[in-house]
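Some notes on the structure that comes next.
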């Protein structure tokens, strides 16, 4: 679940709506259809594609492991996610708590949650040179929306250590 958010900038509401029947498994990628709701009850369909990665952190590998575990647990619900504690599909609130529990067990500090991980992905994309329209498409916002830059784009704070080193080097040049 955490890798799905980290690699797709998915909202918790999107996680809850993901269905096993809407997954397309291919050799080196997994596609998941999901929906977002807009004002006036309009629902927009989206397909999130995860591509196989090398290295220890790979959403495709993690999803395959989760789907195998789900199958071996004989879960009959079509919802991808399952809360073993309550033996039911997670509600949006429950999904948020499960997500927080997963990332905190992985060592992510308590001050971070689903939205902050989503915002970090958006910030990374923008800082890496992605245009606002490209980030809007990736995060499933309207292409012309400025909400990404207005609310989510949080440039990383200046590295104080690097600033101190620069100041020290300048000082050495003059003295």
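Residue numbers (the UniProt record's numbering): 1 to 175. Glycine included, C-beta positions come from ideal geometry on N, C-alpha and C. Note that the coordinates shown come from a computational prediction; the quantities given were computed from them, not determined experimentally.
Cβ neighbours of residue i in the same chain (closer than 7 angstroms, five flanking residues each side left out)
i          : result
residue 96 : 12 and 114
residue 72 : none
residue 37 : 43
6 angstroms CB neighbourhood of residue i in its chain, flanking five on each side removed
i          : result
residue 23 : 32
residue 47 : 31 and 33
residue 15 : 95
Same chain, Cβ closer than 8 angstroms to residue i, five either side skipped, listed in chain order
i           : result
residue 28  : 51, 52 and 60
residue 160 : A caution first: residue 160 carries a pLDDT of 46, below 50, which makes its placement in the model unreliable, though a value can still be read off. Hits under 8 angstroms: none found.
7 angstroms Cβ cutoff met for residue i and residue j
i           : j           : result
residue 78  : residue 19  : yes
residue 135 : residue 122 : yes
residue 82  : residue 75  : yes
residue 102 : residue 1   : yes
From the options, residue whose alpha carbon lies closest to that of residue i
i           : options            : result
residue 140 : 49, 62, 76 and 112 : 49
residue 3   : 99, 110 and 128    : 99
residue 45  : 63, 17, 6 and 54   : 17
Secondary structure of residue i, DSSP reduced to three states
i           : result
residue 46  : strand
residue 136 : helix
residue 120 : helix
residue 145 : coil
- request: Let me know the beta strand (DSSP E) ranges lying completely inside the region 7-39, each 3 residues or longer, listed in chain order.
  value: Here the runs fully enclosed are 23-25 and 29-38.
message: I'd like the ranges of any alpha helix (DSSP H) spanning at least 4 consecutive residues and lying wholly in the region 48-112.
response: 59-72 and 92-105
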